[in-house]
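Comments concern the structure below.
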Amino acid sequence: MKEQVIKVQSPTRVDLSGGTLDCWPLYLLVGNCETVNLSISIFTGVELTPKNQDEIELEISDLGYRKVFASRRDLLRCDEKQLTLIKPHIEYWDVGQGFRLKTWSQSPVGGGLGGSSSLCISILKAFSAWQKQKLSVSEMVLLSSNIEAKILRTPTGTQDYFPAARPGLSVIEYSVEGPRQKLLDVNLDSMQKKLLLVYTGKAHHSGINNWEVLQKSISGDRHTLECLKEIAQISKEVARECEGQNWGSLPELFRREYKARTALCASFVSPEIEQLNELALQAGAEAVKICGAGGGGCVLVWCDENKRDGVVQACEKNGFQVLPAHPVK
């Protein structure tokens with residue numbers, strides 16, 4: 002009998018506005034919030050092959066890790082750091098038999114593109130398909146955020162899971178009812194021509210940066226809450242402009258967001274981001290948007306199509322990597 006091989010992949014994302022507000026309970030402290038993000042063609046993926054025995058074979062491609070375990074119990078008792086992301090999923094999916102699991106990610110480690118969140122969704126898609134256990138988007142988001150909180154040992158937001166589970170340009174609304182995704186029915190061709198994704202070469206840690214903001218907010222720090230309210234207001238404006246496909250309005254909003262985010266917490270910016278911001282603008286870019294919780298990773302560079310080549314050359318000349326990425330639905 003031909004073996005069953007389940008192959009799935011999920012996109013990562015660039016967040017256009019509202020990052021950090023998706024961390025509970027920040028959106029409750031600030032008031033109803035919206036985040037805006039875009040699924041992009043930098044993917045994570047999983048190949049899952051059931052076995053008629055107890056043996057579990059793992060291959061984590063981007064870490065160069067491969068190992069065979071005699072049983073699920075042996076895997077869960079292994080404390081190798083490469084298994085940090087995988088073990089909570091194996092613990093959740095007690096399937097009663099062995100399997101071969103291969104994972105891969107095109108996202109740079111600490112890239113600020115929601116790579117680990119995308120991989121969580123890919124793993125859930127694969128196991129739920131195998132077990133014929135249909136999961137809704139909301140169920141996948143809840144499961145993934147709880148699993149990642151166990152892994153990171155910090156609070157997690159939820160906006161990164163939606164573009165992996167249900168791709169496109171999304172406005173994610175946050176209220177006392179929790180998050181709700183609204184996919185925008187827009188033509189992304191014009192946006193694609195203006196969007197550049199650049200990796201700074203320095204990994205970031207979203208959990209640490211967001212945790213600092215969370216602590217200050219809960220303790221009632223006025224400056225932090227005012228900055229979050231400004232980011233929330235900007236994000237609502239970004240959402241409206243995206244709905245109207247008014248792409249020309251975004252650079253000014255990105256510049257306002259950059260100012261508000263760097264005022265929110267010093268760790269959201271880094272020397273690499275500051276250097277990239279300066280050289281990109283000098284080369285003709287209209288704005289730079291910090292991805293994720295910043296502090297490194299990737300940034301979105303927004304530029305006119307006619308200035309694109311010059312901006313790319315300036316970035317690469319100074320050691321920054323321009324990633325091949327485009328919007329996906």
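Count along the sequence shown from 1, add 1, and you get the number used in our numbering. Glycine included, every Cβ here is placed at the ideal spot set by N, Cα and C.
Below 8 Å on the Cβ atoms is my guess for Tyr200 versus Cys304; work out the distance and round it to an integer in Å. In fact, because the Cβ distance is near 17 Å, the residues do not count as touching under 8 Å.
Inter-residue spacing [alpha-carbon to alpha-carbon] between Val31 and Arg101: 45 Å
Just the C-alpha distance for Asp95 and Pro168, rounded to the nearest angstrom, thanks. 28 Å
Starting from Arg101, trace the beta strand (DSSP E) both ways and give me its first and last residue. Phe100 to Ser106
Cys266 (DSSP reduced to helix, strand or coil): coil
Cα separation between Glu306 and Met192? 10 Å
Which whole runs of the beta strand (DSSP E) in the stretch 252 to 330 are 3 residues long or more, in chain order? 288 to 291, 299 to 303 and 322 to 324
Which same chain residues, not among the five before or five after Glu56, have their C-beta less than 8 Å away from its C-beta? Val69, Phe70, Ala71, Ser72 and Gly99
Beta-ladder partner(s) of Tyr93, from DSSP: In the DSSP output, where bridge partners are listed per residue, Tyr93 has none listed.
I'd like the list of long-range same chain contacts for Lys194, defined as Cβ closer than 7 Å, with 5 residues on each side in sequence excluded. Glu306
Nearest candidate by alpha-carbon position, reference Ala281, set Ala264, Val323, Asn247 and Ala240: Val323
Which partner residues of Ser40 appear in the DSSP bridge assignment? Arg14
Tell me the residue span of the alpha helix (DSSP H) that contains Pro164. Phe163 to Ala166
Less than 8 Å separating the beta-carbons of Thr45 and Gly116? yes
Quick one: residues in its chain with C-beta nearer than 7 Å to the C-beta of Ser106, no 5 flanking neighbours on either side, listed in chain order? Thr45, Asp63, Gly116 and Leu120
Distance check for Val15 and Val138, CA to CA, integer angstroms please. 19 Å
Taking Gly293 and Gly20 to be in contact with their CB atoms under 8 Å, please state how far apart those CB atoms are, rounded to whole angstroms. 6 Å
What does DSSP give as the partner residue(s) for Ser171 in the beta ladder? Asn38 and Leu184
Per DSSP, what kind of secondary structure is Leu197 in: helix, strand or coil? strand
Check whether Leu173 and Thr36 have beta carbons under 8 Å apart: Correcting the residue identity first, residue 173 is Ile in this sequence and not Leu. Contact: yes.
Could you tell me how far apart the beta carbons of Ser218 and Leu27 are, in whole angstroms, since I believe they sit closer than 8 Å? 6 Å
Applying the 10 Å Cβ sphere with the 16-neighbour rule, what's the burial state of Gln182? buried
Which listed residue (Glu4, Leu86 and Arg154) has its alpha carbon closest to that of Asn211: Arg154
Could you give the DSSP three-state label for Val177: helix, strand or coil? coil
How many Å lie between Cys228 and Val270 at the Cα? 15 Å
Taking all protein chains shown into account, decide if Lys260 is buried (16 or more other Cβ within 10 angstroms of its Cβ) or exposed. exposed
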